[in-house]
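**Student:**
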Amino acid sequence: MQNDIVMVIVVGTALAFDFTNGFHDTANVVATSISTRAMAPRLAIAYAAALNFAGAFISLAVAATVASDVVSSGAITPTVVFAGLIGAICWNLITWYFGLPSSSSHALIGGVVGAAFAAAGPDAILGDGLLGKVLIPAVVAPIVAFVVGGLAIVICYRVVGRLKPGQVGRGYRLGQIASGGLLALAHGTNDAQKTMGVITLALVTNGSLAAGSDPPTWVIVSAASAIALGTYSGGWRIIRTMGSRIIKMDPAQGFSASGAGAAVILASSHYGFPLSTTQVISGGVMGAGAGKRLSAVRWGVAGNIVTAWLMTLPAAAGIGALTYGVTRIFGTGSVGPIVVTAAALALVAAAFTRRVRAGTPVPAP
Amino acid sequence: MLATIVDGGALLKTIIASFIAGVGVTLIFSIAILGASRFADMNRDGRPAAAVAFGVLGLVALLAAGAAVVVGIIVMTRK
Numbered sequence: 001m002q003n004d005i006v007m008v009i010v011v012g013t014a015l016a017f018d019f020t021n022g023f024h025d026t027a028n029v030v031a032t033s034i035s036t037r038a039m040a041p042r043l044a045i046a047y048a049a050a051l052n053f054a055g056a057f058i059s060l061a062v063a064a065t066v067a068s069d070v071v072s073s074g075a076i077t078p079t080v081v082f083a084g085l086i087g088a089i090c091w092n093l094i095t096w097y098f099g100l101p102s103s104s105s106h107a108l109i110g111g112v113v114g115a116a117f118a119a120a121g122p123d124a125i126l127g128d129g130l131l132g133k134v135l136i137p138a139v140v141a142p143i144v145a146f147v148v149g150g151l152a153i154v155i156c157y158r159v160v161g162r163l164k165p166g167q168v169g170r171g172y173r174l175g176q177i178a179s180g181g182l183l184a185l186a187h188g189t190n191d192a193q194k195t196m197g198v199i200t201l202a203l204v205t206n207g208s209l210a211a212g213s214d215p216p217t218w219v220i221v222s223a224a225s226a227i228a229l230g231t232y233s234g235g236w237r238i239i240r241t242m243g244s245r246i247i248k249m250d251p252a253q254g255f256s257a258s259g260a261g262a263a264v265i266l267a268s269s270h271y272g273f274p275l276s277t278t279q280v281i282s283g284g285v286m287g288a289g290a291g292k293r294l295s296a297v298r299w300g301v302a303g304n305i306v307t308a309w310l311m312t313l314p315a316a317a318g319i320g321a322l323t324y325g326v327t328r329i330f331g332t333g334s335v336g337p338i339v340v341t342a343a344a345l346a347l348v349a350a351a352f353t354r355r356v357r358a359g360t361p362v363p364a365p
Numbered sequence: 001m002l003a004t005i006v007d008g009g010a011l012l013k014t015i016i017a018s019f020i021a022g023v024g025v026t027l028i029f030s031i032a033i034l035g036a037s038r039f040a041d042m043n044r045d046g047r048p049a050a051a052v053a054f055g056v057l058g059l060v061a062l063l064a065a066g067a068a069v070v071v072g073i074i075v076m077t078r079k
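Listed in order, the protein sequences are those of chains Z and E.
For the first sequence, position 73 (counting from the first letter as 1) is numbered 73 according to the numbering used here, and the numbering increases by one without interruption.
For the second sequence, position 35 (counting from the first letter as 1) is numbered 35 according to the numbering used here, and the numbering increases by one without interruption.
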C-alpha cells in the first residue's frame, strides 16, 4: 500500500514535470514562427501542442536510454526518482522565472543523478552512459545545429538574394509552417520520451514492470498528453528571449533555424541521444544569425543562456540530492514524498502569484 | 578511453544526417521559392516559356522538399 501511494506520487510528479517541460519549452518550438509572423501566437502554440502530442508516439529510443543508461536501476527506488523529478521541476521553474531557456532534459537527468548519488553513492551513477549518451551529445548537438543553421542561411541568401524581399518573405513564412511543425514533432519525440523513461524506471524499481520493458501504452499516452497541455499553456517569458533577444530574425533565418533544430533533434532521437532541445534550437537560432553577420547575434544574451546551460546539470543534481535528503527525514514510507509534494506545490503557487503580480511581459493576443 | 564510451558511429551518423537534412531541405526549398518568384516575374513580363520552366523547377523542388521531410519522418519511426 505504502509503495502504491509513493508510485502514484511519482507518476503524478513525472507528469507534472512533463507539463513544465512543455510549458518551459514552448518557446523553443514556436518562437521563430511567432517572431517572423509566420503564424499568429495562439495558433502557433495550438499547432505545436498537437504535433508535440503526435511526436511522442514516434520512437522509444530516448526513453530506453533514460531508463537504463544513466543510473543503475538496481540502486534506484521510487523515492529517488521522485526526488530527481522535484529537482528538475524546481530548476525549470527557477529558469522560467528569470526567462532563461535552459534545458529541461538536463534538469531531469541532473535531478535523477543527484538523488541517486545521495541515495546510493557514486556506484549508482553509470558514468559511461552519462558521458557517452548525455554529456558529449549535449556539447556536440548545439554546435552541429549552429553550423547547420549558419550554412542553411548562407544558402538561402545565395539562392534568393536577388529576388523581391516580399515574395521571399512570404515563401519562407509558408516554409516555416512546415519546419516549425517538424520542430514541434521532433520536440515531442525527444522530450516526452524522457518522462516515459523516468516513469518506466520507477515502475521497474517498484517491481510493477520487468527490467528492459518498453513503456506501457498508458505511460506513452499520459506523457504525450502532459507535454502537449504544457506546450499549449505556453511560457511567454522564454518565447521573448528565444524569438527576439538572441537575434532579430527575418523569415529566412526563422526557416533555417527551425529546420536545423528539427534535423538535429530527429536524427538524435533516432539514435537514442536524449539531448537538450533548448540547446539545439538556441544553437540553430545563433547559427542563423551569425550566418548573416556575426554582429547580428546578441552575444551577451547568448552568454547568459550558455551560463544557464552549464549550471543546469549540477544545480538540478544539487536540488535532487537535497530533496532526497529531506524526504528521507520522514522515513522510507509515503510521508516524505507527500510532505515534499505539498511544499513544492506551495512554492510553485508562490512563484506563479509573484510572476502574475509582476505582469506577463508578452501578452497573449 | 573516450572512444569506448561514446558510440562514435551513431554520433557521426547523427551529425551527417543532420547536415544532409538541415542544409539539403533548406537548399531545395529555397530553389522552390526561386522558381515560384521567377515564374511570377516571367509571367508578368510576357515570357511564357521561361515562366513554365521556372514554374516546373519550383514545383519539382517543392515536391522534393516535401518528400524529403516525409522520408525523414519514416526513417525516424523505424527504430
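Glycine residues also receive a C-beta, built at the ideal position from the N, C-alpha and C atoms.
(1) Would you mind sorting I329/Z into buried or exposed? The rule is 16 or more other CB atoms within 10 Å of its CB.
(2) Using three-state DSSP, classify V71/Z as helix, strand or coil.
(3) Considering only residues of the same chain and omitting the five flanking positions on each side of A50/E, which have a CB-CB separation below 7 Å?
(4) Please report the distance separating the alpha-carbon of G35/E from that of P41/Z.
(5) List, in order along the chain, the chain Z residues whose C-beta lies closer than 7 Å to that of V23/E?
(6) Please classify A288/Z as buried or exposed, where buried requires at least 16 neighbouring CB atoms within 10 angstroms.
(7) When burial is assigned at 16 or more other CB atoms within 10 Å of the CB, is F352/Z buried or exposed?
(8) Take G55/E as the anchor and find which of S18/E, A32/E, I15/E has the nearest alpha-carbon.
(9) Measure the Cβ-Cβ separation of P274/Z and S105/Z and say whether it is below 7 Å.
(10) Thinking C-alpha only, which one of N190/Z, F23/Z, V29/Z is nearest I58/Z?
(11) Where does P363/Z sit, in a helix, a strand or coil, going by DSSP?
(12) Expressed to the nearest angstrom, what Euclidean distance is found between the alpha-carbon atoms of G87/Z and F39/E?
(13) Using CA atoms only, rank isn't needed, just tell me which of S276/Z, A290/Z, V340/Z is closest to A141/Z.
(14) Are three or more beta carbon pairs between the region 149-169 of chain Z and the region 11-31 of chain E nearer than 8 Å?
(15) Hey, how far is the Cα of V198/Z from the Cα of V52/E?
(16) With which residues is I125/Z paired in a DSSP beta bridge?
(17) Helix or strand or just coil, what does DSSP make of M7/Z?
(18) Do you know offhand how far K133/Z's Cα is from S73/Z's?
(19) What does V285/Z reach in chain E if we use C-beta pairs closer than 7 Å?
(20) Any C-beta of chain Z within less than 9 Å: which residues of the region 29-44 of chain E qualify?
(21) What's the gap between the Cα of A61/E and the Cα of G284/Z?
(22) For D18/Z, count neighbouring Cβ atoms within 10 angstroms of its own Cβ and tell me buried if that reaches 16, exposed if not.
(23) Kindly give me the distance between the Cβ atoms of V80/Z and Y324/Z, rounded to whole angstroms, as I take these residues to be in contact under 8 Å.
(24) Cα-Cα, which of A342/Z, V204/Z, T95/Z is closest to A27/Z?
**Tutor:** With the structure as the only source:
(1) Indexing the first sequence from 1 puts residue 329/Z at position 329. Burial call: exposed.
(2) As a working note, residue 71/Z is residue 71 in the first sequence. The answer is strand: DSSP assigns V71/Z an E or B state.
(3) Locating residue 50/E in the second sequence gives position 50, counting from the first residue. M42, listed in sequence order.
(4) Reading the second sequence from its first residue, position 35 is the one you call residue 35/E. Reading the first sequence from its first residue, position 41 is the one you call residue 41/Z. The alpha-carbon atoms of G35/E and P41/Z are separated by roughly 30 Å.
(5) On the second sequence, position 23 is the one that residue 23/E refers to. Neighbours of V23/E on chain Z, chain order: V148, L151, A152, I155.
(6) To locate residue 288/Z, count along the first sequence from 1; it is residue 288. Burial call: buried.
(7) Taking the first residue of the first sequence as 1, we reach residue 352/Z at position 352. In the assembly as shown, F352/Z is an exposed residue. Its beta-carbon has fewer than 16 other beta-carbons within 10 Å.
(8) The sequence position of residue 55/E within the second sequence is 55, counting from 1. The shortest C-alpha separation from G55/E is found at A32/E.
(9) Counting from one through the first sequence, the residue named residue 274/Z turns up at place 274. Counting from one through the first sequence, the residue named residue 105/Z turns up at place 105. In this structure, the beta-carbon distance from P274/Z to S105/Z falls below 7 Å.
(10) In the first sequence, counting from the first residue as 1, residue 58/Z sits at position 58. The candidate whose alpha carbon is nearest that of I58/Z is N190/Z.
(11) Within the first sequence, numbered from 1, the residue matching residue 363/Z stands at position 363. Confidence in P363/Z is poor, its pLDDT being 38 and thus under 50, which makes the residue's placement unreliable; the coordinate value appears in the next sentence. In the three-state scheme derived from DSSP, where H, G and I count as helix and E and B as strand, P363/Z is classed as coil.
(12) Start at 1 with the first residue of the first sequence, and residue 87/Z comes out as number 87. Start at 1 with the first residue of the second sequence, and residue 39/E comes out as number 39. So the alpha carbons of these two residues sit roughly 56 Å apart.
(13) Taking the first sequence and counting its residues from 1, one reaches residue 141/Z at position 141. Of S276/Z, A290/Z, V340/Z, the residue nearest in Cα terms is S276/Z.
(14) Under the Cβ criterion (8 Å, minimum of three pairs), the region 149-169 of chain Z counts as touching the region 11-31 of chain E.
(15) Taking the first residue of the first sequence as 1, we reach residue 198/Z at position 198. Taking the first residue of the second sequence as 1, we reach residue 52/E at position 52. Looking at the two C-alpha atoms, the distance is approximately 55 Å.
(16) On the first sequence, residue 125/Z is found 125 positions in, with the first residue counted as 1. V71/Z.
(17) Taking the first residue of the first sequence as 1, we reach residue 7/Z at position 7. In the structure shown, the three-state DSSP call for M7/Z is helix.
(18) Walking along the first sequence from the start, residue 133/Z turns up at place 133. Walking along the first sequence from the start, residue 73/Z turns up at place 73. Spanning the two alpha carbons is a distance of roughly 16 Å.
(19) Indexing the first sequence from 1 puts residue 285/Z at position 285. Those do not exist, as V285/Z stays about 13 Å from chain E at its closest Cβ, beyond 7 Å.
(20) Residues of the region 29-44 of chain E with a C-beta less than 9 Å from any C-beta of chain Z: F29, S30, I31, A32, I33, L34, A36, S37, R38, A40, D41, listed in chain order.
(21) The residue you call residue 61/E lines up with position 61 of the second sequence. The residue you call residue 284/Z lines up with position 284 of the first sequence. Taking the Cα positions, A61/E is about 23 Å away from G284/Z.
(22) Counted from its first residue, the first sequence places residue 18/Z at position 18. Buried: at least 16 other Cβ atoms inside 10 Å.
(23) Position 80 of the first sequence, counting from 1, holds the residue named residue 80/Z. Position 324 of the first sequence, counting from 1, holds the residue named residue 324/Z. Indeed, because the Cβ distance is near 6 Å, the residues count as touching under 8 Å.
(24) Here residue 27/Z corresponds to residue number 27 of the first sequence, with the count starting at 1. Among A342/Z, V204/Z, T95/Z, the Cα nearest to that of A27/Z is on T95/Z.
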